[in-house]
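K.L.:
Got a structure for you, questions after.
In the UniProt record's numbering, the protein residues as written are 1 to 295.
So, in structure tokens, the structure goes:
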């Protein structure tokens with residue numbers, strides 16, 4: 001072989017060895033028959049779906065006091081699974097009231113029917129067209145799940161997101177649906193100054209363009225579900241449910257008492273919130289304490 005060709009091949013091999021670590025690693029195709037959930041992972045200018053090991057231990061019956069929201073989203077999801085028209089859903093309201101848990105409970109309920117969950121962060125929603133492209137020819141039904149979708153004052157990303165959602169959702173195949181959670185109904189802060197330009201003309205109220213611009217983002221979702229702060233009675237019912245769920249496999253015998261209720265209320269007061277997450281945390285604390293004392 002010509003000496004110059006050998007030298008060229010040596011240099012090419014050396015160059016490829018240096019470039020190898022910079023190239024994205026090959027990603028194997030996901031087996032959606034056994035994989036129930038994945039997360040969209042940004043990788044430079046592109047991205048890929050990362051399979052997730054998910055726990056299916058939360059059930060729809062574990063969500064106490066949100067019967068109406070559970071039934072509405074459950075019907076919407078069953079329509080979707082059965083190939084019927086269904087809406088993209090926005091679950092908004094107080095923190096810790098079961099918004100994210102409801103979506104994950106639906107996965108546990110319908111995984112055997114072909115439902116799958118794709119988690120995508122707010123900052124990665126611009127990649128929606130790429131995600132949808134990878135899912136459109138698959139037989140499973142995919143919920144794209146964006147947890148805590150909201151924007152702070154001064155952020156202009158929501159304007160970009162509106163156009164992305166418009167294009168991605170309108171052209172989405174029948175096997176893709178978007179569910180999002182937020183603490184805000186309209187996803188962005190609403191200020192008093194937004195209303196300064198309201199005018200009354202012939203008895204008709206014309207909202208300012210700023211208000212319309214912000215509300216337009218949440219309008220991309222056809223189904224809105226509201227989650228409200230727990231009453232004390234609701235909170236204690238959730239505490240009772242979770243203590244029962246945790247005590248049963250541990251063989252712990254217990255009984256709800258006024259003293260237990262007082263302890264639970266004090267726990268919630270000390271944390272400044274009274275919601276499902278707080279109830280679950282207290283249940284874990286109390287059951288663990290009883291088991292420790294028994295030992």
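The C-beta atom is built at its ideal place from N, Cα and C for all residues, glycine as well.
Source: prediction; values computed, not measured.
By how many angstroms is the C-alpha of residue 136 removed from the C-alpha of residue 173?
P.N.:
6 Å
K.L.:
Rounded to whole angstroms, what is the Cα-Cα separation between residue 42 and residue 100?
P.N.:
22 Å
K.L.:
For the beta strand (DSSP E) containing residue 48, name the first residue and the last one.
P.N.:
46-52
K.L.:
Of all the options 286, 178, 242, 236, which has the alpha carbon lying nearest to the alpha carbon of residue 265?
P.N.:
236
K.L.:
Please confirm whether any heavy atom of the ligand ADP lies closer than 7 Å to the CB of residue 241.
P.N.:
Among the components modelled here there is no ligand, and therefore nothing to report on the ligand ADP.
K.L.:
How many Å lie between residue 49 and residue 272 at the Cα?
P.N.:
38 Å
K.L.:
Under 8 Å by Cβ, that's how I've got residue 276 and residue 96 pegged, so tell me the actual separation to the nearest angstrom.
P.N.:
6 Å
K.L.:
Give the range of the beta strand (DSSP E) segment to which residue 119 is assigned.
P.N.:
Secondary structure note for residue 119: its beta strand (DSSP E) is the uninterrupted segment 115-119.
K.L.:
Would you mind giving the Cβ-Cβ distance between residue 238 and residue 58, rounded to the nearest angstrom? I have them listed as a contact below 8 Å.
P.N.:
Between residue 238 and residue 58, the beta carbon gap of about 13 Å keeps them out of contact (Cβ cut-off 8 Å).
K.L.:
In angstroms, rounded to a whole number, what distance separates the CA positions of residue 176 and residue 105?
P.N.:
18 Å
K.L.:
Within a Cβ cutoff of 6 Å, which residues of the same chain sit near residue 77, ignoring the five residues on either side of it in sequence?
P.N.:
106
K.L.:
Which one of 103, 261, 228 has the shortest CA to CA distance from residue 56?
P.N.:
103
K.L.:
Do residue 92 and residue 244 have their C-beta atoms within less than 8 Å of each other?
P.N.:
no
K.L.:
When you compare only the Cα positions, how much space is there between residue 4 and residue 15?
P.N.:
16 Å
K.L.:
Between which residues of its own chain and residue 274 is the CB-CB distance below 6 Å, once the five residues before and five after are set aside?
P.N.:
230, 235, 268
K.L.:
Does the pairing of the segment 118-130 with the segment 34-41 give three or more beta-carbon distances under 8 Å?
P.N.:
yes
K.L.:
For residue 291 and residue 29, what's the separation of their Cα atoms in angstroms?
P.N.:
45 Å
K.L.:
If you drop the 5 nearest sequence neighbours on each side, which residues of the same chain put their C-beta closer than 8 Å to that of residue 13?
P.N.:
Correct list: empty, nothing qualifies.
K.L.:
Going by DSSP, what residues sit across from residue 143 in a beta bridge?
P.N.:
Residue 143 is bridged to 117, 177.
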